[in-house]
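When the letters of the sequence shown are read in order and numbered with this note's numbering, they come out as residues 390 to 496.
Note that CB positions come from ideal geometry on N, CA and C, so glycine has one too.
To start, the structure under review is shown below, and the notes come after it.
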Amino acid sequence: MKKQELSDLLHSLQIPVNEGIASQENTNKYPRVVYWDYIWEDILASGEEYENVETYQISFYSRTPRNEKLMELREKLREVGFHPTIYHEYVQEDKVFHSYFSVEVTV
390 MKKQELSDLL HSLQIPVNEG IASQENTNKY PRVVYWDYIW EDILASGEEY ENVETYQISF
450 YSRTPRNEKL MELREKLREV GFHPTIYHEY VQEDKVFHSY FSVEVTV
């Protein structure tokens with residue numbers, strides 16, 4: 390998957406999505422997605438060419454567990470052949486469910 394395809398998939402949920410950090414206007418909107426790259430890797434492709442592969446964390450925040458938009462995101466990922474392990478935690482201080490997983494994309 391290309392990075393733009395990942396961005397398009399996340400935005401297709403029609404909820405607030407930010408890359409890097411949540412924008413000021415989206416900080417208190419739920420559900421929402423924030424995603425960022427945390428691993429950059431050069432992979433030798435064919436010949437002497439390298440392909441840039443980046444690993445992104447996708448964080449999904451909601452007020453309810455098993456939010457319908459999270460389930461929709463999971464289904465959309467399955468449709469394109471991604472089956473990430475999705476972790477969940479409840480952030481007591483913010484009273485928010487945080488679900489997160491990683492995906493590798495080419496840049």
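Per DSSP, the bridge partner or partners of residue i
i, result
"Gln-446", "Trp-425 and Ser-491"
Local conformation of residue i per DSSP, three classes
i, result
"Asp-483", "coil"
"Leu-402", "coil"
"Ser-396", "helix"
"Lys-391", "strand"
Same chain, Cβ closer than 7 Å to residue i, neighbours up to 5 away in sequence not counted
i, result
"Ile-410", "Val-423"
"Asn-407", "Asn-415 and Val-423"
"Thr-474", "Phe-490"
Cβ-Cβ distance between residue i and residue j below 8 Å
i, j, result
"Lys-465", "Ser-396", "no"
"Glu-443", "Lys-392", "yes"
Spatial neighbours of residue i in its chain, beta-carbon cut-off 6 Å, leaving aside the 5 residues before and after
i, result
"Met-390", "Val-494"
"Trp-429", "Glu-443"
8 Å CB neighbourhood of residue i in its chain, flanking five on each side removed
i, result
"Lys-484", "Arg-452"
Pair every Cβ in the segment 448 to 464 with every Cβ in the segment 477 to 488, then say whether three or more of these pairs are closer than 8 Å. yes
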